[in-house]
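Participant: Just passing along the structure, written as structure tokens.
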Amino acid sequence: MDRSRPVQCKEASLTVLVSALLITLIAAAPAKPKQNRRPPMGPAIGPGKKLIKWGLDSPNSAYIRKNIREMEEWPLDGICVDADLRKDGRAAPLANGLLFSTRRFTYEELRHIVDDLRATRFTRFTDNFLLMGMSLDPLVFRDESWGYDPEKHVEQLTSPDWFNEAEFSVAVSNWALAARICREAGLKGFMMDVEQWNAPQPWNYRFLKAHSAGDFPSFEECVKKWRQRGRELMTAVCKEFPNITIINYQGSQQLAYDSLNWSGDPDPNLPPLANASYGLVSPFLDGMLEGMPDHSGATLVDGGPLYHATLDRRFKDYRAVSYRRSLQRSAVPLAFRKHTRLAFATWIDGRGWGTYPWSQTPPYYDNQFTPAELEHSLYYALLNADKYAWLWNEKAVFFPKAGKAQVLFGPNATVNDDYRRALANAKKLHRMDFKRDDRGALSEPLPPKASEQPGYGDEETFGPLDKRYEFLFDLPKKWRFCADTEGLGVYPNPFAQVTWELNGWNWKNWDLIETDDYFENHGYRFNGHAWYRCEFEVPASLSGKPIFLVFGGITLHPEYGAGVYVNGGRQGTRVEDLPSAFKGAIWDITALAKPGQKNVVIVRLLNYSGPGGLYKKVRLATRRTL
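In the numbering used here, the protein residues as written are 73 to 698.
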């Protein structure tokens, strides 16, 4: 008889019994607390990435020569130098005037920049740039107290005719001179500002045509000429400075297409880009790329103006979408790939141009960035840039008694040590899952209900408009809503077309909210952008008639106002504000509405403090026939 099998069965049974007992004991034992996983960390920023600064306190070369020791206490890799002319003990800023003027500047007039910077012992600031603007300001020669006599110390400048060879040759000469100054002074190149705050607005075809004394060339002719001029200018620049770097802070070719929405109603008789405020930027930049010899190290940098971004994905999205679109827009893609690179910008005090205060005391919730937010913004900017990240500042002064800041904001530096440390830490290891701090919004008391405040009623709100507007019906009370603290839906800037789809947004995932009260009272306590979406029918009887959306209560940012987008990317036109105790406004959507069909309206609001949202009825209206 084989006695081994029963023994094995007993051993097996015993093993099973012991195993079961162990499992029971383990299950009965108190569970160990799960250890928190470490947050994902990004790499340290290497020495090849550079952080530079440009702002209203940008110094001229004399200031740098005198104050470089104190200036280099700031943890920066470079600064922007304000070019200037000097005469009779006075200096005139030249940033807006040198590049596009019929005045031929000479080397002797600018030689002091070379002398000052050669005599300056730079140790930290290795990557410095000369400020060059496209706008045309008069030369105002001021003394050290910022005083001047308008009759004696102001020199008016005029802009060249781009179709006049003799006049434009002066611009070519001035660009070459600026390049020479950069090379001899040890600067990396230009910080180029293509913004057109005043005449002559060289990128705005409709403006140029409207202000022309005679027949103005077609848009197609201008495209060819602007590309030719860009090529001529860069050819001259590269002869003087073959390895020059030019940072175009407003971006690249995509800027022209972003500006399609800035110029009001388009002229249907013109090509699309002819209606864009910056429509001629794209061919000009293409010409600049063509003017860079293949063998040169010349570089044109997209400045990546993501002033308010905090999330890493914002910077990644810009490269994946806007920068890629610039390549697709370019008529010279091979030159673009060879000579174009990407930088990113952060605006330290960018709550609006002088609209909001700059706080120097914790918790800093009134500022655009807390120190921690600024540190992460700069880290993500450097991480995703090819080489440069740059910081723009206005009220947050770094260099006292330098530039316009000394007059606008006083002589004392207004960036404290908390923000200094943020700059110093920007290149260290950082978390990749950082989120903006909403404690500022949470610290604000909830506002009283809008409906409980005087003047909320329909009669007080809409009654004063009855004689001029015929109200047809109220839009639905419930809208889709999205709290956008990071501004993902206004990528890359708040004036461009609505672009939330670029970030994978889907309005079907948005919450439902009622438009009868501030969004804070509906449980959304945050500062930043808010989006509302609604569908409604426009009666077919309104075909050919003016059509308006009347918002009884709406948050209007002092700089940006609000965006009302109907049936796509274009905005309606804000025609007037309501004469009531509450902030309401009327938008003309005549050109965008589709009578007899379903229409979609999306509203973008920007709210940094106080109650916000759509908090009263929204009505569809037409004008009464007088």
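C-beta: ideal position from N, C-alpha, C; glycine also. Predicted model, so just to flag it, every value in this text is computed and none were measured.
According to DSSP, is Thr174 helix, strand or coil?
Facilitator: Mapped onto the sequence shown, residue 174 falls at position 102. Coil.
Participant: Report yes if the C-beta distance between Gln440 and Trp419 is below 8 Å; otherwise report no.
Facilitator: For the purposes of this step, residue 440 is taken as residue 368 along the sequence shown, with counting starting at 1. For the purposes of this step, residue 419 is taken as residue 347 along the sequence shown, with counting starting at 1. Yes, these two residues count as a Cβ contact at 8 Å.
Participant: Which whole-angstrom value describes the C-beta separation of His448 and Thr382, a residue pair presumed to lie in contact below a C-beta threshold of 8 Å?
Facilitator: Here the question's residue 448 lines up with position 376 in the sequence shown. Here the question's residue 382 lines up with position 310 in the sequence shown. Indeed, because the Cβ distance is near 6 Å, the residues count as touching under 8 Å.
Participant: Whose CA, out of Arg162, Gly624, Ala392, Glu304, lies closest to the CA of Ser652?
Facilitator: As a working mapping, residue 652 is identified with position 580 in the sequence shown. Taking only the C-alpha atoms, the option nearest Ser652 is Gly624.
Participant: My output table needs one value for Gln326: the three-state DSSP class, helix, strand or coil.
Facilitator: Taking the sequence shown and counting its residues from 1, one reaches residue 326 at position 254. Gln326 falls in the helix class under three-state DSSP.
Participant: With H, G and I counted as helix, E and B as strand and the rest as coil, what does DSSP make of Phe197?
Facilitator: In the sequence shown, residue 197 corresponds to position 125, counting from 1. Reduced to three states, the DSSP call for Phe197 is coil.
Participant: Considering only C-alpha positions, which residue in the set Gly656, Leu157, Arg183, Asn200 is nearest to Leu123?
Facilitator: Position 51 of the sequence shown, counted from the start, is the residue given in the question as residue 123. With distances taken between Cα atoms, Leu123 lies closest to Asn200.
Participant: State the Cα-Cα distance for the pair Val690 and His601, rounded to the nearest angstrom.
Facilitator: Taking the first residue of the sequence shown as position 1, residue 690 is located at position 618. Taking the first residue of the sequence shown as position 1, residue 601 is located at position 529. Near 20 Å, if we compare the C-alpha coordinates of His601 and Val690.
Participant: Is it buried or exposed, Gln322, if we count other Cβ atoms within 10 angstroms and call 16 or more buried?
Facilitator: Position 250 of the sequence shown, counted from the start, is the residue given in the question as residue 322. It counts as buried.
Participant: Counting C-beta neighbours from all protein chains within 10 Å, is the total for Ser324 16 or more, i.e. buried, or is it exposed?
Facilitator: By one-based count along the sequence shown, residue 324 stands at place 252. Buried, by the Cβ-count rule.
Participant: Whose C-alpha, out of Glu304, Thr662, Val636, is nearest the C-alpha of Val673?
Facilitator: Indexing the sequence shown from 1 puts residue 673 at position 601. Measuring from the Cα of Val673, the nearest candidate turns out to be Val636.
Participant: Quick one: give me the first and last residue of the alpha helix (DSSP H) that Gly302 is part of.
Facilitator: As a first step, residue 302 is located in the sequence shown; it is residue number 230 there, counting from the start. Per DSSP, Gly302 belongs to the alpha helix (DSSP H) from 291–312.
Participant: Compute the beta-carbon to beta-carbon distance between Gly359 and Gln273, rounded to the nearest angstrom, for a pair I have assumed lies under 8 Å.
Facilitator: Taking the sequence shown and counting its residues from 1, the one referred to as residue 359 is at position 287. Taking the sequence shown and counting its residues from 1, the one referred to as residue 273 is at position 201. About 18 Å separates the two Cβ atoms, so there is no contact after all.
Participant: Pairing CB atoms from the segment 343–350 with CB atoms from the segment 398–406, are three or more of them under 8 Å?
Facilitator: Short answer: they don't touch.
Participant: Would you check if the distance between the CB atom of Leu208 and the CB atom of Asn270 is smaller than 8 Å?
Facilitator: Within the sequence shown, residue 208 is the residue found at index 136, counting from 1. Within the sequence shown, residue 270 is the residue found at index 198, counting from 1. Their beta carbons are under 8 Å apart, which means Leu208 touches Asn270 by this criterion.
Participant: Where Asn465 and Pro472 are concerned, what is the direct C-alpha to C-alpha distance, given to the nearest angstrom?
Facilitator: Along the sequence shown, one-based indexing puts residue 465 at 393. Along the sequence shown, one-based indexing puts residue 472 at 400. Whole-angstrom Cα-Cα distance: 13 Å.
Participant: Please name the residue or residues paired with Val212 in a DSSP beta bridge.
Facilitator: Taking the sequence shown and counting its residues from 1, the one referred to as residue 212 is at position 140. According to DSSP, Val212 bridges with Val226.
Participant: Taking only three categories from DSSP, how would you classify Asp404?
Facilitator: The residue given as residue 404 occupies position 332 in the sequence shown. Checking the sequence, you will find Val at residue 404 rather than Asp. Residue state, collapsed to three classes: coil.
Participant: Is DSSP giving Asn168 helix, strand or coil here?
Facilitator: As a working mapping, residue 168 is identified with position 96 in the sequence shown. Looking at Asn168 - three-state DSSP - the assignment turns out to be strand.
Participant: Residues in the same chain with beta-carbon distance under 8 Å from Gly682, minus the five sequence neighbours each way, listed in chain order, please.
Facilitator: Position 610 of the sequence shown holds residue 682. Cβ within range, chain order: Glu516, Pro519.
Participant: Is it true that the segment 133–153 meets the segment 186–197, where meeting means three or more beta-carbon pairs spaced less than 8 Å apart?
Facilitator: Enough Cβ pairs lie closer than 8 Å, so yes.
Participant: Determine the direct distance from the alpha carbon of Asp156 to that of Glu216, and round the result to whole angstroms.
Facilitator: Here the question's residue 216 lines up with position 144 in the sequence shown. Here the question's residue 156 lines up with position 84 in the sequence shown. In a straight line, the C-alpha of Glu216 is about 14 Å away from that of Asp156.
Participant: I'd like the span of the beta strand (DSSP E) that includes Tyr637, first residue to last.
Facilitator: What you label residue 637 is simply residue 565 of the sequence shown in a count that begins at 1. Where Tyr637 is concerned, the enclosing beta strand (DSSP E) stretches over 635–638.
Participant: Does the beta-carbon of Phe620 have 16 or more other beta-carbons within 10 angstroms, so that it is buried, or is it exposed?
Facilitator: The residue labelled residue 620 in the question sits at position 548 within the sequence shown. Classification of Phe620: buried, given that the 10 Å Cβ count is 16 or more.
Participant: How many angstroms separate the CA atom of Arg597 from the CA atom of Leu678?
Facilitator: Locating residue 597 in the sequence shown gives position 525, where the first residue counts as 1. Locating residue 678 in the sequence shown gives position 606, where the first residue counts as 1. Straight-line Cα distance between these residues: approximately 13 Å.
Participant: Taking the alpha helix (DSSP H) that Thr533 falls in, what are its first and last residues?
Facilitator: Position 461 of the sequence shown, counting from 1, holds the residue named residue 533. Unbroken alpha helix (DSSP H) run through Thr533: 530–534.
Participant: Give the range of the beta strand (DSSP E) segment to which Asn671 is assigned.
Facilitator: Within the sequence shown, residue 671 is the residue found at index 599, counting from 1. Per DSSP, Asn671 belongs to the beta strand (DSSP E) from 670–679.
Participant: Rounded to the nearest angstrom, what separates Arg676 and Arg605 at their Cα positions?
Facilitator: Taking the first residue of the sequence shown as 1, we reach residue 676 at position 604. Taking the first residue of the sequence shown as 1, we reach residue 605 at position 533. Going from the Cα of Arg676 to the Cα of Arg605 covers about 9 Å.
Participant: At which residues does the alpha helix (DSSP H) containing Lys281 begin and terminate?
Facilitator: Stepping through the sequence shown from its first residue, residue 281 is reached at position 209. That run of the alpha helix (DSSP H) goes 277–282.
Participant: Grab me the residues of Leu514's own chain with a C-beta within less than 8 Å of its C-beta, minus the 5 sequence neighbours each way, in chain order.
Facilitator: Here residue 514 refers to the residue found at position 442 when the sequence shown is read from its first residue. If we look at Leu514 and ignore the five residues flanking it on each side, its Cβ neighbours are Arg597.
Participant: Which residue marks the beginning of the beta strand (DSSP E) containing Gln603, and which one marks its end?
Facilitator: Position 531 of the sequence shown, counted from the start, is the residue given in the question as residue 603. Checking the displayed sequence, the identity of residue 603 turns out to be Trp instead of Gln. First-last of the beta strand (DSSP E) with Trp603: 600–609.
Participant: According to DSSP, is Lys549 helix, strand or coil?
Facilitator: Counting from 1 along the sequence shown, the entry for residue 549 is found at position 477. DSSP places Lys549 in coil when its eight states are reduced to three.
Participant: Spatial neighbours of Val295 within its chain, please: CB distance less than 6 Å, with the 5 preceding and 5 following residues excluded, ordered by chain position.
Facilitator: Residue mapping note: residue 295 aligns to position 223 of the sequence shown, counting from 1. Here the set comprises Pro355.
Participant: Identify, in the order they occur along the chain, each residue of the same chain with its Cβ nearer than 6 Å to the Cβ of Tyr71, setting aside the five sequence neighbours on each side.
Facilitator: Nothing about residue 71 can be reported from this structure: the residues present for the chain run from 73 to 698 only.
Participant: Here's a check: name, in chain order, each residue in its chain whose Cβ is nearer than 7 Å to the Cβ of Asn347, leaving out the five neighbours to either side.
Facilitator: The residue you call residue 347 lines up with position 275 of the sequence shown. Excluding positions up to five away in sequence, the list reads Arg278, Leu332, Ser335, Pro338, Asp339.
Participant: Quick one, are the C-beta atoms of Ala665 and Glu542 less than 8 Å apart?
Facilitator: If you number the sequence shown from 1, residue 665 lands on position 593. If you number the sequence shown from 1, residue 542 lands on position 470. No.
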